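All remarks here apply to the structure that follows.
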Ligand SMILES: Cc1ncc(COP(=O)(O)O)c(C=O)c1O
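Numbering (our numbering), first residue to last: 287 to 611.
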């Protein structure tokens, strides 16, 4: 039997929990009812939720004697950037495999700039779709092995049963930081962040806001959570699909509003793809009466700010706001 994996320490823990009194008041909640868990402040590589997951997946790669981390994602993937940062910290090589062709303008900015500083090798695979991207990454691994490297493939978005442990721990952190916690609101992409929280806090206390990164988000969350918490049922998961809009890379009205409220009332900047959608879900839940005064709600800030600077629609929106001032 193989040894159990011991996670690496790649971040700054525990991340702080802070009040959001002005946003709470604007949503009709008590000033102490709304808190923010700052997983954007995890440290390494600009920070974000992916660090907690990489502590496990990279530990597994090292246990398998890897010298190169290979992963996939959209070109503005925060997970890819933080995989590159983990590789830099540990003296490993990073190869990031993206769909499509290298773009121009905003498509070459944001996370891609940081990937370059972090020394990652970028492969634009020319393919589209998650399955084809997975095949492209496997071909890159085969090429690297033929060249004498020892690659480890870190799963899409860093999500697996193993990496969900990172957010199981975050759930435990939250229990001690926020007694009486009623609801935590989190962006749902590749699934293991929500899955770990569900495994720790239960399905009832975890509201995931789907960003539209995958077609089968509910099934993925269930599959990553159940090995840690066998009672979790897919039907019990609370998932809001109302903020996907025209798709993962687009900027909907509810997201614009959420980003504006958070920045304008609390000085907390969100990204258009993940945390902006998660906050839009929180605002909508408060307006529906699903989040009520007198109960403690936590917004989990999962990072992703560099993506804002690689998002043409968000940049155009900010430009329009400046004009109307
Ligand atoms: C900033 C940010 N927040 C949230 C998520 C979603 O996390 P997960 O993929 O574990 O569902 C991601 C993942 O891509 C992310 O980059």
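Cβ atoms here follow ideal geometry from the backbone N, Cα and C, with glycine treated the same way.
Predicted, not measured: the structure shown is a model, and the values here were computed from it.
query: Do you know offhand how far residue 352's Cα is from residue 437's?; result: 5 Å
query: Could you tell me which residues DSSP puts in a beta bridge with residue 440?; result: According to DSSP, which records beta bridges pairwise, residue 440 is partnered with nothing at all.
query: How about residue 385 and residue 411: do their beta carbons lie closer than 8 Å?; result: yes
query: What does a CB cutoff of less than 7 Å around residue 317 pick up in its chain, not counting 5 residues either side in sequence?; result: 307, 310, 311
query: What span of residues does the beta strand (DSSP E) with residue 365 cover, start to end?; result: No beta strand (DSSP E) holds residue 365; the alpha helix (DSSP H) holding it covers 364–376.
query: Just the Cα atoms here: how many angstroms apart are residue 375 and residue 405?; result: 11 Å
query: Quickly, what does DSSP pair residue 587 with across the bridge? List them, please.; result: 324
query: For residue 287, which of helix, strand or coil comes out of DSSP?; result: Here residue 287 scores only 47 on pLDDT, less than 50, and its place in the model should not be relied on; the value that follows carries that caveat. Of the three classes helix, strand and coil, the one that applies to residue 287 here is coil, per DSSP.
query: For the structure I just gave you, are there three or more beta carbon pairs, one from the region 571–581 and one from the region 472–482, closer than 8 Å?; result: no
query: Return the residue from the list 542, 328, 345 that minimises the CA-CA distance to residue 531.; result: 542
query: So, does the CB of residue 441 fall closer than 8 Å to a CB anywhere in chain C?; result: This model lacks chain C altogether; it includes just one protein chain.
query: Using only the alpha-carbon positions, how far apart do residue 591 and residue 567 sit?; result: 18 Å
query: Taking the Cβ atom as the reference point for each residue, do residue 464 and residue 303 lie within a distance shorter than 8 Å?; result: yes
query: Can you tell which of 335, 446, 349 has the C-alpha that lies nearest to the C-alpha of residue 364?; result: 335
query: What are the partner residues of residue 379, as DSSP defines its beta bridges?; result: 354
query: Could you give the distance in angstroms between the alpha-carbon of residue 505 and the alpha-carbon of residue 387?; result: 30 Å
query: Using 7 Å as the cut-off, classify the Cβ of residue 545 as near or not near the heavy atoms of ligand 1, replying yes or no.; result: no
query: Measuring alpha carbon to alpha carbon, tell me which of 331, 493, 451 ends up nearest residue 367.; result: 331
query: Considering only heavy atoms of ligand 1, does any lie closer than 7 Å to the CB of residue 330?; result: no
query: Going by DSSP, what residue range makes up the alpha helix (DSSP H) through residue 360?; result: That residue, residue 360, is in no alpha helix (DSSP H); it is neither H nor E in DSSP.
query: Do residue 323 and residue 460 have their C-beta atoms within less than 8 Å of each other?; result: yes
query: Who are the near neighbours of residue 533 in its chain, counting only those whose CB is closer than 6 Å to its CB and skipping five residues on each side?; result: 498
query: Which residues in the same chain as residue 287 place their Cβ atom closer than 7 Å to its Cβ, once the five residues preceding and following it in sequence are excluded?; result: At residue 287, the pLDDT of 47 sits below 50, so the modelled position is not reliable; the number obtained from the coordinates is stated separately. Excluding sequence neighbours, residue 287 sits near nothing in its chain.
query: On a CA-only basis, which of 490, 523, 585 is nearest residue 502? Give me that one, please.; result: 523
query: How would you write the range of the alpha helix (DSSP H) that residue 510 sits in, first residue to last?; result: 503–511
query: Would you say residue 534 touches ligand 1, meaning its beta carbon is less than 7 Å from a heavy atom?; result: no
query: Exposed or buried, what is residue 292 when buried is set at 16 or more other beta-carbons lying within 10 Å of its beta-carbon?; result: exposed
query: Under three-state DSSP, which class holds residue 515?; result: coil
query: Cα-Cα, which of 471, 298, 357, 359 is closest to residue 337?; result: 298
query: Taking 7 Å as the line, does the beta carbon of residue 671 fall inside it for any heavy atom of ligand 1?; result: Because the chain here runs from 287 to 611, residue 671 falls outside it and cannot be looked at.
query: Compute the Euclidean distance between the alpha carbons of residue 333 and residue 606, then round it to the nearest angstrom.; result: 29 Å
query: Considering only residues of the same chain and omitting the five flanking positions on each side of residue 625, which have a CB-CB separation below 7 Å?; result: With the chain running from 287 to 611 in the structure shown, residue 625 is simply not present.
query: Hey, out of 421, 348, 552, 358, whose CA is closest to residue 377's CA?; result: 348
query: So residue 381 and residue 321 are in contact, right, with Cβ under 8 Å, and what is the actual spacing, rounded?; result: 38 Å between Cβ atoms; not a contact.
query: Would you give the residue range spanned by the alpha helix (DSSP H) that residue 343 belongs to?; result: 336–349
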